[in-house]
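Colleague: Residue numbers (our numbering): 314 to 510. Note that the Cβ used here is the ideal one computed from N, Cα and C, for glycine as well. Just so it is clear, the structure is predicted and the values come from calculations on it, not from any experiment.
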Amino acid sequence: MDGNDNKTFAGDGTSGIDVYWGQLEVRNAPTSPIWTNGSTETRQSDNIRVLADGWQNRRQASVFVEMSVKAGGDSSDNVLTLGAGRGNERMVLSKEGQIYVTTPEGNSFNGNSYNLDLHPGVTRYALSYEEAGPMHVTIDNGANSRSPGAISNKYLEVTRMTLGTQHTSATDVINGYIRRVHYYPFMMNLADLEALQ
């Protein structure tokens, strides 16, 4: 959205998306500073997502998420989902330590183990990747970084980004709040990713 509330603003070709200290909500789990029990929550919430437009480079991306989750979260919490590609493939990053590409039916193509190590305090999490190319992941500005092997032969065109859950399911939603989100339509190297504040 531009300064005139035009919701069709396509961007300037280089800028990313920055959501800062908003009252963001994902599915049925409000991402506010008030912890919830999920099952007792009755109000509907917004599904935070980014849809592809002409300014996005759909074959590579960098994402920075700053969040706090209750008691460090559950092992099955989904942090971020990117997709869908030519076959509606999607990349899911979960608390249980996996970065994997899957079909809408949930069939996992390829996975890389990575311990997200979320904690009750603020956690900064960042990822960058290029389709069929390299990938970088870092926690808390380089406190724990890794460059897993490329996920090849997978079409990870970024046409949608969902925070706190998967595209097609409201299960395993994070219970916490999101402080900031940055999305960049290009792949950052690891040093630049670690330097994001």
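1. Among VAL382, LEU509, ARG372, which has the Cα closest to the Cα of ASP453?
2. For ALA504, which option in SER441, HIS432, GLU379 has the closest C-alpha, if you only look at C-alpha atoms?
3. Quick check on this structure: which residue in VAL494, GLY385, LEU506 has the alpha carbon closest to the alpha carbon of VAL378?
4. On the criterion of 16 or more Cβ atoms from any shown chain inside 10 Å, does GLY386 qualify as buried, or is it exposed?
5. Among HIS449, PRO461, TYR438, whose alpha-carbon lies nearest the alpha-carbon of ASN391?
6. Locate the beta strand (DSSP E) running through LEU440, then write down its first and last residues.
7. How many Å lie between TYR496 and VAL376 at the Cα?
8. Going along the chain, which residues of its own chain have a beta-carbon closer than 6 Å to the beta-carbon of HIS432, five neighbours each way excluded?
9. Could you pull the DSSP bridge partners for ARG459 from this structure?
10. So the alpha helix (DSSP H) ALA384 belongs to, where does it begin and stop?
11. Locate the alpha helix (DSSP H) running through ASP505, then write down its first and last residues.
12. Which one of ASN502, LYS383, ARG372, THR394 has the shortest CA to CA distance from GLY455?
13. Using three-state DSSP, classify ARG493 as helix, strand or coil.
14. CB-CB under 6 Å to MET448, same chain, minus the five flanking residues each way: which ones, in chain order?
15. Using DSSP bridges, identify the partner residues of PHE377.
16. If you draw a straight line from the alpha carbon of LEU506 to that of LYS383, how long is it in whole angstroms?
Modeller: Based on what the coordinates show:
1. What you label residue 453 is simply residue 140 of the sequence shown in a count that begins at 1. Closest by alpha carbon: LEU509.
2. By 1-based counting over the sequence shown, the position of residue 504 is 191. Looking at the Cα atoms, SER441 is the closest of the given residues.
3. Taking the sequence shown and counting its residues from 1, the one referred to as residue 378 is at position 65. Answer by Cα proximity: VAL494.
4. The residue you call residue 386 lines up with position 73 of the sequence shown. It is buried - the Cβ of GLY386 has at least 16 other Cβ atoms within 10 Å.
5. By one-based count along the sequence shown, residue 391 stands at place 78. Taking only the C-alpha atoms, the option nearest ASN391 is TYR438.
6. For the purposes of this step, residue 440 is identified with residue 127 of the sequence shown, where counting begins at 1. Counting along the chain, the beta strand (DSSP E) containing LEU440 begins and ends at 436-443.
7. Against the sequence shown, residue 496 aligns to sequence position 183. Against the sequence shown, residue 376 aligns to sequence position 63. Put simply, the backbone Cα of TYR496 is about 5 Å away from that of VAL376.
8. Counting from 1 along the sequence shown, the entry for residue 432 is found at position 119. Correct list, in chain order: GLY385.
9. Along the sequence shown, one-based indexing puts residue 459 at 146. DSSP output for ARG459 lists VAL450 as bridge partner(s).
10. As a working note, residue 384 is residue 71 in the sequence shown. Neither: ALA384 is in no alpha helix (DSSP H) and is coded neither H nor E.
11. On the sequence shown, residue 505 is found 192 positions in, with the first residue counted as 1. 503-508 is the extent of the alpha helix (DSSP H) around ASP505.
12. Mapped onto the sequence shown, residue 455 falls at position 142. The shortest C-alpha separation from GLY455 is found at ASN502.
13. The residue you call residue 493 lines up with position 180 of the sequence shown. Three-state DSSP puts ARG493 in a strand.
14. In the sequence shown, residue 448 corresponds to position 135, counting from 1. Once the five neighbours on either side are set aside, the close Cβ partners of MET448 are TYR442, PRO461.
15. For this step, residue 377 is matched to residue 64 along the sequence shown. For PHE377, which the question treats as bridged, DSSP gives the partners ALA439, HIS495.
16. For the purposes of this step, residue 506 is identified with residue 193 of the sequence shown, where counting begins at 1. For the purposes of this step, residue 383 is identified with residue 70 of the sequence shown, where counting begins at 1. For LEU506 and LYS383, the distance between alpha carbons rounds to 25 Å.
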